[in-house]
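Visitor:
Chains as they are written, first to last, in my numbering: chain A, 3 to 267; chain B, 93 to 420.
(1) Alpha carbon to alpha carbon, what distance is there between residue 160 of chain B and residue 243 of chain A?
(2) Report the residues of the region 295-306 of chain B with a CB closer than 7 Å to any CB of chain A, ordered along the chain.
(3) Are the CB atoms of residue 173 of chain B and residue 207 of chain B nearer to each other than 9 Å?
(4) Thinking just about the alpha-carbon of each residue, which of B:264, B:299, B:186 and B:219 is nearest to the one in residue 238 of chain B?
(5) Can you say whether residue 122 of chain A is buried or exposed, counting buried as having 16 or more other CB atoms within 10 angstroms of its CB?
(6) Just curious, the alpha helix (DSSP H) that residue 152 of chain B is in, first and last residue?
(7) Would you please verify whether the beta carbon of residue 147 of chain A is less than 9 Å from any beta carbon of chain B?
(8) Which runs of the alpha helix (DSSP H) at least 4 residues long sit entirely within the region 244-285 of chain B? Give them in chain order.
(9) Are any of the Cβ atoms in chain B nearer than 9 Å to that of residue 346 of chain A?
(10) For a test of the three-state rule: what should DSSP assign to residue 93 of chain B, helix, strand or coil?
(11) Any beta carbon from chain B within less than 9 Å of residue 251 of chain A's own beta carbon?
(12) Taking only beta carbons into account, state which residues of the region 362-387 of chain B come closer than 8 Å to chain A, listed in chain order.
(13) Under 9 Å, do residue 338 of chain B and residue 277 of chain B count as touching if we go by C-beta distance?
(14) Taking only beta carbons into account, state which residues of the region 202-216 of chain A come closer than 7 Å to chain B, listed in chain order.
(15) If we define contact as Cβ-Cβ less than 9 Å, is residue 116 of chain A a contact residue for chain B?
(16) Considering only the beta carbon of each residue, do residue 244 of chain B and residue 320 of chain B sit closer than 9 Å?
(17) Just tell me which of B:266, B:272 and B:162 has its CA closest to the CA of residue 322 of chain B.
(18) CA-CA distance, residue 219 of chain A and residue 264 of chain A?
(19) Only counting the same chain, and skipping five residues up and downstream in sequence, which positions put a Cβ closer than 6 Å to that of residue 59 of chain A?
(20) For residue 158 of chain A versus residue 169 of chain A, is the C-beta distance shorter than 9 Å?
(21) Taking a cut of 8 Å between CB atoms, which residues from the region 209-236 of chain B lie near chain A?
(22) Could you have a look at residue 137 of chain B and say whether DSSP puts it in helix, strand or coil?
(23) Anything in chain B within Cβ reach of residue 79 of chain A, meaning under 9 Å, just list it in chain order.
(24) So what's residue 326 of chain B in DSSP terms, helix, strand or just coil?
(25) Looking only at its own chain, which residues have a Cβ that is under 6 Å from the Cβ of residue 182 of chain A, when we skip the five neighbours before and after it?
(26) Which of helix, strand or coil does DSSP assign to residue 225 of chain A?
(27) Return the first residue and the last residue of the alpha helix (DSSP H) that residue 73 of chain A is part of.
(28) Exposed or buried, residue 238 of chain A, counting other C-beta atoms within 10 Å across all chains shown (16 or more means buried)?
(29) Can you tell me where the alpha helix (DSSP H) with residue 344 of chain B in it begins and where it stops?
(30) Which residues bound the alpha helix (DSSP H) around residue 99 of chain A?
(31) How many angstroms separate the CA atom of residue 140 of chain B from the CA atom of residue 252 of chain B?
(32) May I ask you to list, following chain order, the residues of the region 321-350 of chain B that have a beta carbon less than 9 Å from some beta carbon of chain A?
(33) Below 8 Å on C-beta distance, what does residue 171 of chain A contact in chain B?
(34) Using only the alpha-carbon positions, how far apart do residue 417 of chain B and residue 248 of chain B sit?
Structure follows, in structure tokens:
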């Protein structure tokens, strides 16, 4: 996120960020969740989005892409699909529609699936393949399947023990980014409407920043939201998390730089 | 000797049982034991969340003669979602606990939580109304989902996870206080001080939710985490609790209690009894009582008020009807 945020600010800092990112890539193409970790993780999709903004690093991007294509939620295995269809029905979802997990060995969730769909859509703008299109399609289907009853997305599923879950702002914003070039179905329209309505009342930096990044892509007015975000952030000293700070910078720069999550297909 | 089918089955069951016992003896599932001869529990009556809670809590804490002088305290509340109602540990109680530990001589009190579903921790902290309490005494809040991490070998092996990355704020604290909200839970039956420790597992590594723990088994993961990061004290928020489809979508249930204990198993067993459940039917308690603390009433010394039978047991989802204690 920091490398993306710095890309228009300082070429030196951005280059250092990208160099660091390249050093962290694992031999199998994945990226760990943080420095010191040795497992590939959900951050691979974010790293690929960051590299997709560059014209270089084809090999690193290729490897990252292949890691993502191979990664899948645990319910993709026939045994778990069968279990979720027959014995374990307390959570309502279609296990045939799977996406990406946060960490290998767990189930598919909305945010890692959305980031992976964006990363693969960006990477394959000019080189679509059957495998990439199949995973994109499956990921999009998974997101549409997990949408909340009245639009928007929770972290993973929409109904548990017969009770509908309410949407989360970040999950909704990021899922909508993944669906930006899809046909504007009723689910997408309702979710966009939910996000638009809720954005006005958000006081937290991260959620508000993701709202701006998404609403901008959907060509909604974001000027007022950007002003509010700038006021909340102040001098930025209270933001301790670099990813949150970077997301906020990206949101404030919407329209002034290439949107890192835009999909041009 | 002719081996008929009944004998064969009987022998097989016997061999399996003996193997299990032997395996547990040769390769025990836990390498630590925090269980003491006796544990103490105090139940404080409180009808509402008011400024009077601090005085009440201080009085309760003094019953335990805690030695926290010069120590660094981590308060681990249960802050799950930016939802209204009885979802999160009440911020008035959290603030009161922080002030009490400072008054008792702690050098530092940190409040740490890593919400399991909501990725935006700031949103949860805002919704829980915690910010004014943090500002008042300059108490630090650490987002455990995004803290610096260290890899730790687990001190029990129920889940098969072997090791976990855990936050520095947790590993560096001298005294961990679990502050659960007393709630039913649609996967675990109850969520109390032991289940509350799922919140120390970082989302940055394991995601939102920390789904790997579910695949490892909820009860099994609870046991592994609590063996690795011992809970030194419990302050359970049972003033307004939750019943039914907890931990998020249940109904508020006025219980009017704050449960304190120097033993998490004793605290959770007492809370379970208050809810009308048999604690031995909660799997992580029935197993945890072998090494994490005391479950049985003859090993729990009540410092203030005993456990009366609830007027009406907490309602549960059909999958958890077996938790209900037999009527005496």
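Beta carbons are placed, not taken as given, at the ideal position from N, Cα and C, and that holds for glycine.
Just so it is clear, the structure is predicted and the values come from calculations on it, not from any experiment.
Guide: According to the data block:
(1) When rounded, the distance between both Cα atoms is 30 Å.
(2) Answer set for the region 295-306 of chain B: 296, 297, 298, 299, 300, 301, 303 and 304.
(3) The answer is yes: Cβ separation under 9 Å.
(4) Nearest C-alpha to residue 238 of chain B: B:299.
(5) It is buried - the Cβ of residue 122 of chain A has at least 16 other Cβ atoms within 10 Å.
(6) Start and end: 145-154.
(7) Chain B has no Cβ within less than 9 Å of the Cβ of residue 147 of chain A.
(8) DSSP runs (the alpha helix (DSSP H)) wholly in the region 244-285 of chain B: 260-263.
(9) Chain A is shown only over 3 to 267; residue 346 of chain A falls outside these bounds and no answer can be derived.
(10) Note that residue 93 of chain B has pLDDT 48, beneath the 50 cutoff, so the model's placement of it is unreliable and the number below is only indicative. Of the three classes helix, strand and coil, the one that applies to residue 93 of chain B here is coil, per DSSP.
(11) Not closer than 9 Å to any Cβ of chain B, the Cβ of residue 251 of chain A fails to qualify, so no.
(12) Within the region 362-387 of chain B, no residue has its Cβ closer than 8 Å to any Cβ of chain A.
(13) Yes, the pair counts as a contact, with Cβ atoms nearer than the cut-off.
(14) Of all residues in the region 202-216 of chain A, the ones placed with a Cβ closer than 7 Å to any Cβ belonging to chain B are 205, 206, 207, 208 and 209, in chain order.
(15) At a cut-off of 9 Å, the C-beta of residue 116 of chain A has no neighbouring C-beta in chain B.
(16) In contact: residue 244 of chain B and residue 320 of chain B (Cβ atoms closer than 9 Å).
(17) Of all alpha-carbon atoms in B:266, B:272 and B:162, the one lying nearest the alpha-carbon of residue 322 of chain B is that of B:266.
(18) Using only the alpha carbons, I get a separation of about 7 Å.
(19) If we look at residue 59 of chain A and ignore the five residues flanking it on each side, its Cβ neighbours are 53.
(20) No, Cβ-Cβ distance for residue 158 of chain A and residue 169 of chain A is not below 9 Å.
(21) Residues 209, 210, 211, 212, 214, 215, 218 and 235.
(22) Shown here, residue 137 of chain B sits in a strand according to DSSP, grouped into three states.
(23) Per Cβ cutoff of 9 Å: no residues; residue 79 of chain A is ~12 Å from chain B at best.
(24) Under the three-state reduction of DSSP, residue 326 of chain B is assigned to strand.
(25) The beta carbon of residue 182 of chain A lies closer than 6 Å to those of 219 and 265 in the same chain, with the five residues before and after it left out.
(26) Residue state, collapsed to three classes: helix.
(27) That residue, residue 73 of chain A, is in no alpha helix (DSSP H); it is neither H nor E in DSSP.
(28) Around the C-beta of residue 238 of chain A, fewer than 16 other C-beta atoms lie within 10 Å, and the residue is accordingly described as exposed.
(29) Run containing residue 344 of chain B: none in the alpha helix (DSSP H); it sits in the beta strand (DSSP E), 343-353.
(30) Annotation: residue 99 of chain A is outside any alpha helix (DSSP H) and is labelled neither H nor E by DSSP.
(31) Each residue's Cα considered, the two are about 42 Å apart.
(32) Result list: 337, 340 and 341.
(33) Neighbours of residue 171 of chain A in chain B, taken as residues at a C-beta separation under 8 Å, are given in chain order as 212 and 215.
(34) Pairing residue 417 of chain B with residue 248 of chain B, the inter-Cα distance amounts to about 29 Å.
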